[in-house]
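Participant: Heads up: the protein sequence lines correspond to chains A and B, in order.
Going by the working numbering, the first residue of the first sequence is number 16, and it counts up by one from there.
Going by the working numbering, the first residue of the second sequence is number 4, and it counts up by one from there.
Where a beta carbon is used, it is the ideal one built from N, C-alpha and C, also for glycine.
Note that the structure is a prediction, hence the values are computed from the model and not measured.
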Amino acid sequence: MTKKIAKREFGLMRFFILVKKELASIWADKQALLIVFILPLLAVVAVGVTGAAADKTIDMLTAGRQADLGYVNLDRSVGYPNYVLSDEFIAVLGRQPGVTLTKYDTVAEANESLYRENIIGYVVLRDGFEMNVSAHLPAFVECHADAVYILAQPLVTSKVNDAIKEFKIAFNLLEDEINYETQDLWHIRSPLFVAWPMILTLTLMASALMLATQSMVGDNPIMRVALTPSRKFEIVSAKVAAYTILEMMQSLVLILFPMFLFNLNYPGNFFAIWIFSIFISYCGVAMGVFLSSLAKTKLQGSQFFLVGFMAIFILGSGVFVSGPEKIFPMIYSMNGSALVAYKDLPFALMWPYIWPQLAFGTIFYLAAYIVFRLKKGAI
Amino acid sequence: MIVTIEPTPSAAPATLALPKTPAIPGDRGKRKIIDIRNVTVTVSSPTFSLRHFIKMNRVTIIKDVSFFSYEGEILGLIGESGAGKSTILRCITGQIKPNTGTVAVAGIDIVHHKREAIKRFGYVPQLELLSVYDHFTAIENVYYFGKMYLSGVPDEQIKQRAKEVLGILGFKEALMDKKVKNLSGGEKKRVSIAVGMIHDPEVLLLDEPTTGLDISLRIQVLNYLKNLNKKLGISVVIVSHDLEIAQYCNRIVLLDKGRVIEFGDPEEMINQLLPCEGRAIKLEVAELNDEIIESLRGVPEIKFVIKTGRNDVKIFAEEIDRKMISKVIEICDLISVPIKSITLDRADFTSYYRIRSKLEKDRQKQEKELAGSTTI
Numbered sequence: 016m017t018k019k020i021a022k023r024e025f026g027l028m029r030f031f032i033l034v035k036k037e038l039a040s041i042w043a044d045k046q047a048l049l050i051v052f053i054l055p056l057l058a059v060v061a062v063g064v065t066g067a068a069a070d071k072t073i074d075m076l077t078a079g080r081q082a083d084l085g086y087v088n089l090d091r092s093v094g095y096p097n098y099v100l101s102d103e104f105i106a107v108l109g110r111q112p113g114v115t116l117t118k119y120d121t122v123a124e125a126n127e128s129l130y131r132e133n134i135i136g137y138v139v140l141r142d143g144f145e146m147n148v149s150a151h152l153p154a155f156v157e158c159h160a161d162a163v164y165i166l167a168q169p170l171v172t173s174k175v176n177d178a179i180k181e182f183k184i185a186f187n188l189l190e191d192e193i194n195y196e197t198q199d200l201w202h203i204r205s206p207l208f209v210a211w212p213m214i215l216t217l218t219l220m221a222s223a224l225m226l227a228t229q230s231m232v233g234d235n236p237i238m239r240v241a242l243t244p245s246r247k248f249e250i251v252s253a254k255v256a257a258y259t260i261l262e263m264m265q266s267l268v269l270i271l272f273p274m275f276l277f278n279l280n281y282p283g284n285f286f287a288i289w290i291f292s293i294f295i296s297y298c299g300v301a302m303g304v305f306l307s308s309l310a311k312t313k314l315q316g317s318q319f320f321l322v323g324f325m326a327i328f329i330l331g332s333g334v335f336v337s338g339p340e341k342i343f344p345m346i347y348s349m350n351g352s353a354l355v356a357y358k359d360l361p362f363a364l365m366w367p368y369i370w371p372q373l374a375f376g377t378i379f380y381l382a383a384y385i386v387f388r389l390k391k392g393a394i
Numbered sequence: 004m005i006v007t008i009e010p011t012p013s014a015a016p017a018t019l020a021l022p023k024t025p026a027i028p029g030d031r032g033k034r035k036i037i038d039i040r041n042v043t044v045t046v047s048s049p050t051f052s053l054r055h056f057i058k059m060n061r062v063t064i065i066k067d068v069s070f071f072s073y074e075g076e077i078l079g080l081i082g083e084s085g086a087g088k089s090t091i092l093r094c095i096t097g098q099i100k101p102n103t104g105t106v107a108v109a110g111i112d113i114v115h116h117k118r119e120a121i122k123r124f125g126y127v128p129q130l131e132l133l134s135v136y137d138h139f140t141a142i143e144n145v146y147y148f149g150k151m152y153l154s155g156v157p158d159e160q161i162k163q164r165a166k167e168v169l170g171i172l173g174f175k176e177a178l179m180d181k182k183v184k185n186l187s188g189g190e191k192k193r194v195s196i197a198v199g200m201i202h203d204p205e206v207l208l209l210d211e212p213t214t215g216l217d218i219s220l221r222i223q224v225l226n227y228l229k230n231l232n233k234k235l236g237i238s239v240v241i242v243s244h245d246l247e248i249a250q251y252c253n254r255i256v257l258l259d260k261g262r263v264i265e266f267g268d269p270e271e272m273i274n275q276l277l278p279c280e281g282r283a284i285k286l287e288v289a290e291l292n293d294e295i296i297e298s299l300r301g302v303p304e305i306k307f308v309i310k311t312g313r314n315d316v317k318i319f320a321e322e323i324d325r326k327m328i329s330k331v332i333e334i335c336d337l338i339s340v341p342i343k344s345i346t347l348d349r350a351d352f353t354s355y356y357r358i359r360s361k362l363e364k365d366r367q368k369q370e371k372e373l374a375g376s377t378t379i
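#1: Considering only C-alpha positions, which residue in the set GLU304(B), ILE296(B) and GLU322(B) is nearest to LYS310(B)?
#2: Counting only beta-carbon separations shorter than 8 Å, does PHE148(B) have a partner in chain A?
#3: Determine the closest residue to SER134(B) out of PHE31(A), ILE135(A), PHE343(A) and ASP234(A), with distance taken between C-alpha atoms.
#4: Expressed to the nearest angstrom, what Euclidean distance is found between the alpha-carbon atoms of PRO273(A) and ILE288(A)?
#5: List, from N- to C-terminal side, the alpha helix (DSSP H) runs of 4 residues or more that fit wholly inside the segment 158-209 of chain B.
#6: With a threshold of 8 Å between beta-carbons, can LYS247(A) be considered close to chain B, or not?
#7: Cβ of TYR240(A) less than 8 Å from any chain B Cβ?
#8: If you draw a straight line from the alpha carbon of ASN194(A) to that of PRO153(A), how long is it in whole angstroms?
#9: How many Å lie between ARG349(B) and GLU363(B) at the Cα?
#10: My guess is that VAL34(A) and ALA253(A) are in contact by the Cβ rule of under 8 Å, so how many angstroms apart are they, rounded?
#11: Are three or more beta carbon pairs between the segment 207-217 of chain B and the segment 158-178 of chain B nearer than 8 Å?
#12: Note down the Cα distance separating THR72(A) from ALA162(A), rounded to an integer number of angstroms.
#13: With a Cβ-Cβ cutoff of 8 Å, do VAL255(A) and TYR380(A) count as a contact?
#14: Let me see if you follow: with CB-CB separation under 8 Å, is MET231(A) close to chain B or not?
#15: Quick one: is ALA227(A) buried, meaning 16 or more other Cβ sit within 10 Å of its Cβ, or exposed?
#16: Taking beta-carbon pairs under 8 Å, can you tell me which members of the segment 37-59 of chain A lie near chain B?
#17: Which same chain residues, not among the five before or five after GLU290(B), have their C-beta less than 8 Å away from its C-beta?
#18: Considering only C-alpha positions, which residue in the set ASN187(A), VAL114(A), ILE179(A) and GLY85(A) is nearest to ASN133(A)?
#19: Could you round the C-beta distance between VAL121(B) and THR243(A) to whole angstroms and report it? I think they count as a contact, below 8 Å.
#20: Give the secondary structure of GLY29(B) by DSSP, where H, G and I count as helix, E and B as strand, and everything else as coil.
#21: Tell me the rounded alpha-carbon separation between PHE275(A) and TYR147(B).
#22: Going along the chain, which residues of its own chain have a beta-carbon closer than 6 Å to the beta-carbon of TYR356(B), five neighbours each way excluded?
#23: With burial defined as no fewer than 16 other Cβ atoms inside 10 Å of the residue's Cβ, what is the status of SER344(B): buried or exposed?
#24: Whole angstroms are fine: how far does the CA of TRP211(A) sit from the CA of ASP70(A)?
#25: Between which two residues does the alpha helix (DSSP H) holding ARG300(B) run?
#26: At what residues does the alpha helix (DSSP H) containing LYS45(A) begin and finish?
#27: Using a Cβ-Cβ cutoff of 8 Å, what residues of the segment 114-125 of chain B are near chain A? List them in chain order.
#28: Counting only beta-carbon separations shorter than 8 Å, does ARG29(A) have a partner in chain B?
#29: Assuming ARG34(B) is part of the alpha helix (DSSP H), what are its boundary residues?
#30: Could you check the C-alpha separation between GLY87(B) and LEU228(B) for me, to the nearest Å?
#31: Determine whether the Cβ of PRO101(B) lies closer than 8 Å to any Cβ atom of chain A.
#32: What residues from chain B crowd round THR312(A), counting only those whose CB sits closer than 9 Å?
#33: Do the segment 319-328 of chain B and the segment 276-283 of chain B touch if we need at least three Cβ pairs shorter than 8 Å?
#34: Starting from the beta carbon of ILE10(A), find every residue of chain B whose beta carbon is closer than 9 Å, and list them in chain order.
#35: Closest Cβ-Cβ distance between HIS138(B) and chain A: below 8 Å?
#36: Please list the residues of the segment 192-224 of chain A that have a C-beta atom closer than 8 Å to any C-beta atom in chain B, keeping them in chain order.
Spelled out as structure tokens, the structure:
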């Protein structure tokens, strides 16, 4: 007779076995692997090649937007009777629709504020502004915009341009006395610069959702596994963990390929970017596992994927409707990944972008467990 | 110590030739491995109507069910579709909580100590599709499920155990490394059984293990189960509507409409119902017709005549002897029916079940008639 095997138990080890089993299942599913590695490549190449076209659409999105601007007035020159022209220009700029102005004494202060996203750009009036304008000589308004925030540059320039027009009419300036020049800060010369945060977020969320919506409903022997000492919480946790690990592999593709193919050389720490992308994946996976636990057939799982993705995209992007995006993780994922990659954001400043994703994912993770626990599966 | 057990040859005999159930291994006592007492399961199902809008109807699936099985025995739960077999099995596995009564597996109350009881049984669900991973090999399936139970045991030990169990179930090394999706129905079923066996459970619970298999595979699977029971001393509970399983069982629970209608040793059940301890005459004629059957039924000593094939019948009489055989031959001569063969035989469980059902129907008919006449 077979010798009895000593029966010992480790919940954590069982969890690791479940994760290993999940990964082995995914590995056996070649179509899933295709989604994981081909989808991001397609997205990166397609957008990278047509990147310039994407920039043009930004202008359309700037109309009517709020612009929090800063200004640094360094002008001490005189020349125009009864008026201090630099103050007058600042006042005109402040009256532009949607503009709120914050005063800074130095360029460094304004820059720090821009880094922390208190403002989306600032203008600098150098010493000699009034003197040049009075003498009908060119005077420049320096515009500094946060290139990481894709709408910042067009917003700042459009507001400054409108202010210059109004100012010139008010003071009868008929020649090209005032011009502006823009400096995009933290900008990387790559066709993927603008679109990359969106590609990363959308690809990770879409593929995580697509794969994870089949994770429970597609796992036929799951109820038999539930009849072993494995706890239902371990089963759901293993699903979330395994699919998140898979998405981590995908995010590597999404981070590395733009670097090599389109010179998107992020100043940010590579590991920080990678770790941040885990939270994006976690959101998609947790939501997918939840939807999968609700589904009764694989077809339903596929349908739920579409519903989930459309909800995230339509409500979460803030493009189509304004307001609900605050509770969806997409905006946090997009802005956060841009800041981590382009501005090398330290962890303390990363946290406001991490916790909404963490909370969103965890709500769905727990909901998936509750649904699975209540499920009366018959085998 | 590991003993290599020769697997049963895949070319199994075409007929069931195993009327005797295996003996209970001597080293195991008379401990009850399954003990079900007064179990009732009712479910609520909503019905919608304009008058009541939603009305909850309580439906009793099984009522006051009690039976048991000793360690080392094979217990069969037999009944037609809707008899409540699977519900009882789900009560045993803890998937359903009974409304009343107690369910104990290896002496552990499944309702209150489910996690402890789960380790004591191996469960083999009805459909392989829902119970094993198609894209894993046979050995991988058994290994992964083994790790769920024995997470602290080294991989090599579990793989060794998986190979042993698959070996007992007739798997050669090459077959063990084949993906389940490429295996035949019978092989998949055996993988599923091996999964249920990997943690060395005290009792193996099988839901319809022979459903969807052809006759030779059915017998093959049942022989492998018998082999497991004999060689490893494991107790087995088989839920089936297939009467063939009765010949492998030490105990049978006959279910009908959620109630236990018979419980006991199949041999005893046959002996109690059929005359002459189930002995019979098997008659094969050139062309069987109703006239022959009616003529045989007309003989007072003959209690039951059942058709067992296209041209053969089984005859149960108060005495099965030369005199009775002569009488049968005489009747055939009288109505000019040539006899092809006439042999002594024994009742199997199928014969028992058919006769029992017929008697039950007659009894119900009589009761109905009696009730009708009383009303008049």
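Facilitator: The relevant details are as follows:
#1: ILE296(B)
#2: yes
#3: ASP234(A)
#4: 13 Å
#5: 158-171, 176-179 and 188-200
#6: no
#7: Per the sequence presented here, residue 240(A) reads as Val, with Tyr not at that position. So, interface residue.
#8: 7 Å
#9: 22 Å
#10: 5 Å
#11: no
#12: Confidence at THR72(A) is low in this model, with a pLDDT of 48, below 50, so the placement of that residue is unreliable and no value is reported for it.
#13: yes
#14: no
#15: buried
#16: ALA39, SER40, ALA43 and ASP44
#17: ASN314 and VAL340
#18: GLY85(A)
#19: Position check: residue 121(B) holds Ile in this sequence, whereas Val was assumed. With 8 Å as the limit, ILE121(B) and THR243(A) qualify as a contact, their Cβ atoms being about 7 Å apart.
#20: Residue confidence for GLY29(B) is low, a pLDDT of 43 falling below 50, so the modelled location carries little weight; the figure read from the coordinates is stated next. The answer is coil: DSSP assigns GLY29(B) none of H, G, I, E or B.
#21: 40 Å
#22: LEU246
#23: exposed
#24: Confidence in ASP70(A) is poor, its pLDDT being 49 and thus under 50, which makes the residue's placement unreliable; the coordinate value appears in the next sentence. The alpha-carbon atoms of ASP70(A) and TRP211(A) are separated by roughly 12 Å.
#25: 293-300
#26: 45-64
#27: ARG118, ILE121 and LYS122
#28: yes
#29: Premise fails: ARG34(B) is in no alpha helix (DSSP H) and is neither H nor E.
#30: 23 Å
#31: no
#32: Going along chain B, no residue has its Cβ under 9 Å from THR312(A), so there is no contact; the nearest lies around 13 Å.
#33: yes
#34: Past the boundaries of the shown model lies residue 10(A); chain A is included only from 16 to 394, so the question cannot be answered.
#35: yes
#36: none
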